[in-house]
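Notes for the one structure printed next.
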Amino acid sequence: MVPDDMMGIPAGVGADDALRIAMRRDRLLAALTLTAGAGLAFALPFALKEGAEFFLPLTTALVIAVALVPLLEWLERRRVPSPIAAIICLLLFLIAANVAIAAIVVPATDFFRLLPTRLDRIQDNLQPLFDLYSNLESYVNKTLRQIASTPVKRSPTAAVAPPSSILELAATSAPAVIVQFLFAVLIIFFFLSGWTRMRQKTITGRTSFDGAMATARVIQDVVDDVSAYLGTITAINVVLGIVTGLALYFIGMPYPAMWGGIVALLNYIPYFGPVIGAFLLALGGLMTFSDIWMALLPPALMYGLHLVEANAITPFVVGHRLTISPLLILISLSFWGWVWGTLGALLAVPLLIIIQTVLQAAGKPDIAGFLFEHGTLVQQRRGRRKGADRDA
Numbered sequence: 180m181v182p183d184d185m186m187g188i189p190a191g192v193g194a195d196d197a198l199r200i201a202m203r204r205d206r207l208l209a210a211l212t213l214t215a216g217a218g219l220a221f222a223l224p225f226a227l228k229e230g231a232e233f234f235l236p237l238t239t240a241l242v243i244a245v246a247l248v249p250l251l252e253w254l255e256r257r258r259v260p261s262p263i264a265a266i267i268c269l270l271l272f273l274i275a276a277n278v279a280i281a282a283i284v285v286p287a288t289d290f291f292r293l294l295p296t297r298l299d300r301i302q303d304n305l306q307p308l309f310d311l312y313s314n315l316e317s318y319v320n321k322t323l324r325q326i327a328s329t330p331v332k333r334s335p336t337a338a339v340a341p342p343s344s345i346l347e348l349a350a351t352s353a354p355a356v357i358v359q360f361l362f363a364v365l366i367i368f369f370f371l372s373g374w375t376r377m378r379q380k381t382i383t384g385r386t387s388f389d390g391a392m393a394t395a396r397v398i399q400d401v402v403d404d405v406s407a408y409l410g411t412i413t414a415i416n417v418v419l420g421i422v423t424g425l426a427l428y429f430i431g432m433p434y435p436a437m438w439g440g441i442v443a444l445l446n447y448i449p450y451f452g453p454v455i456g457a458f459l460l461a462l463g464g465l466m467t468f469s470d471i472w473m474a475l476l477p478p479a480l481m482y483g484l485h486l487v488e489a490n491a492i493t494p495f496v497v498g499h500r501l502t503i504s505p506l507l508i509l510i511s512l513s514f515w516g517w518v519w520g521t522l523g524a525l526l527a528v529p530l531l532i533i534i535q536t537v538l539q540a541a542g543k544p545d546i547a548g549f550l551f552e553h554g555t556l557v558q559q560r561r562g563r564r565k566g567a568d569r570d571a
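Counted the way the numbering used here counts, the sequence shown spans residues 180 to 571.
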C-alpha cells in the first residue's frame, strides 16, 4: 500500500529520497498557500474600501440580521411563520431606528442652525484661551526671531470650497443612499426569512456527524455572541443616554433628549466615541452658557458618567464571556474606520466578535511555525518517523 504522501513519486526512488521529495513538495505547497493568503489579505481591505457602496450595506444588514435572530427564533417557537416573523423583526428594528434618528437629527438640525448666531458667545467664552495662545505665540516668535535672521512665516492654508447648495448635495447623494437602504432592508428580510432553512441545510450538508456538530456550534456561537453583545451594549447605552439627558436637563442644557441620543449612539464606538461626544457637548455648552466653567460642565458630566459605565457597569454586566483584548479593539476600530468611516467604526466590534468566534472554532493558522519550521508538515512527519522508529 503506497502512502498518500508518496503518490506521484517516480518509480525506483528509495524510501528516504521519496520522503525528502514529499517534504519538499509539501513545503512548496505550503509556501504557495501562504503567499496567496498574504496577497489576499493585503488586497481585501482595498477591495472593501473601493466597493463600499456594495459591501457596507451588505455587512451592516448581515450584522443586524444576526442580532435579530434570537427574536426571530422566539417568534418561530410560537408557531409564527418564518416570513411573517422576519417582517415583524424588520418592522420593530426600523421603528426603533427611526425613533432614535428622529430624536437626534430633528433637534440637532434646529440646535446647530443657531451656530452662526452663537459664534460671538463661543468666542467670548474662549477668549482667555485665545489670549493665552496669543501670548504664547508672541513669545515663541520673539524667541525664534532672536535665534534666526528671518521671522517665522505662517504656512498658507488651503481654502476648502463649501458645497454650492444643500439641495444639490442631496440631489447627488440621496439616490445612492436610498438604494443602499433598500438593499440592506431586503438583505435583512431574506436572511431572516430563510434563516432556519439555511441553517438546517448547512448543518445537514456536512459529510460527518462531527462536522455537522461543529458547524452547528459555530453558527450558534456567532449568533449568541453577536446578539448578546449588541443587546447588552444597546441596553447600557440607552440607560447611559437617559441618565446623561436627565443630568443635562437639570443644569439647563437645551435639547437634553438629543444629547442623550448622541451620547448613546457614540458610545457604540469604544474609546473614540465618548471623546467625540464630549467635544460636541463642549461646543454645545459654549453655545448655550456665557460662563466658560458652566459651559464645560456638560462634557464633564457626560464623561464622568461614561467612566462609571465603562469601568464599573459594563464589565459587571457583560462579564468575561464577551471580554475582548483592547489591542484587538483598537486594531479593529482603526481598520474598519479606515475602510468604511463612521459606520465601519460602529461595526468594528461586532465584526471582531464574528471573526474571533469563527477563528476559535476553525483554528488559527500557524504562520510563525511555518516561517521558523515549527508545526509544519516537515516537523510533523519527522515526529511521526521518530515515533515509528521507537516502536520498531
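Note that beta-carbon positions come from the ideal geometry of N, C-alpha and C, so glycine has one too.
Close CB contacts of Leu269 within its chain, under the 6 Å cut and outside five residues either way in sequence, are with Ile367 and Phe368 (chain order). Ile533 and Leu371 have their alpha carbons spaced roughly 18 Å apart. For Ala226, the closest C-alpha among the options Arg378, Val518 and Pro260 is that of Val518.
Contact between Ile503 and Leu531 holds, since their C-beta atoms are separated by about 6 Å, short of 8 Å. Taking a 10 Å sphere around the C-beta of Met392, we find fewer than 16 other C-beta atoms and assign the residue as exposed. If the five residues before and after Ala363 are omitted, its C-beta is found closer than 7 Å to the C-beta atoms of Pro236, Thr239 and Ala240, all from its own chain and listed in chain order. For Asn490, there is no enclosing alpha helix (DSSP H), as DSSP gives it neither H nor E. By the C-beta criterion, the segment 375-388 is judged not to be in contact with the segment 405-413, since fewer than 3 inter-stretch pairs fall below 8 Å.
Assigned with DSSP and collapsed to three states, Ile510 falls in helix.
If you compare the alpha carbons of Val496, Val278 and Pro453 with that of Leu525, the shortest gap goes to Pro453.
The three-state secondary structure of Pro478, taken from DSSP, is helix.
Put simply, of Pro477, Val402, Phe290 and Arg204 the residue whose alpha carbon is nearest the alpha carbon of Leu425 is Pro477.
The alpha-carbon separation between Ile415 and Val245 amounts to approximately 20 Å. Val402 and Val418 have their C-alpha atoms spaced approximately 24 Å apart. The DSSP-derived three-state label of Tyr408 is helix.
Secondary structure at Met202: helix, using DSSP grouped into helix, strand and coil.
Three or more beta-carbon pairs separated by less than 8 Å link the segment 270-284 to the segment 431-444, which places the two stretches in contact. With 16 or more other Cβ atoms from the protein chains shown falling within 10 Å of its own Cβ, Ser511 counts as buried. Val528 and Pro449 do touch by the CB rule: their CB atoms are close to 7 Å apart, below 8 Å. Phe290 is not a Cβ neighbour of Tyr428, given a cutoff of 7 Å. In the three-state reduction of the DSSP assignment, Pro433 falls in the coil class, being assigned neither a helical nor a strand state. When secondary structure is reduced to three states using DSSP, Gly373 falls in the coil class, being assigned neither helix nor strand.
Boundaries for Thr386: no alpha helix (DSSP H) harbours it, and the DSSP string shows neither H nor E there.
Collapsing the DSSP output to three states places Gly483 in a helix. In this structure, the CA atom of Phe272 is about 26 Å from the CA atom of Ile455.
Relative to the Cα of Gly523, the nearest Cα in the group Ile430, Gln539, Pro494 and Phe234 belongs to Phe234. Boundaries of the alpha helix (DSSP H) around Asp289: Ser261 to Arg292.
At a Cβ-Cβ threshold of 7 Å, Thr536 and Asp400 count as neighbours.
Per the coordinates, the alpha-carbon of Trp253 lies some 21 Å from the alpha-carbon of Thr394. Its chain contains Ile398 as the residues whose beta carbon lies nearer than 7 Å to that of Arg378, once the 5 sequence neighbours on both sides are disregarded; these appear in chain order. When C-alpha distances from Trp374 are compared across Ala264, Arg206, Val284 and Ala355, the shortest belongs to Ala264. In this structure, the CA atom of His485 is about 23 Å from the CA atom of Ala275.
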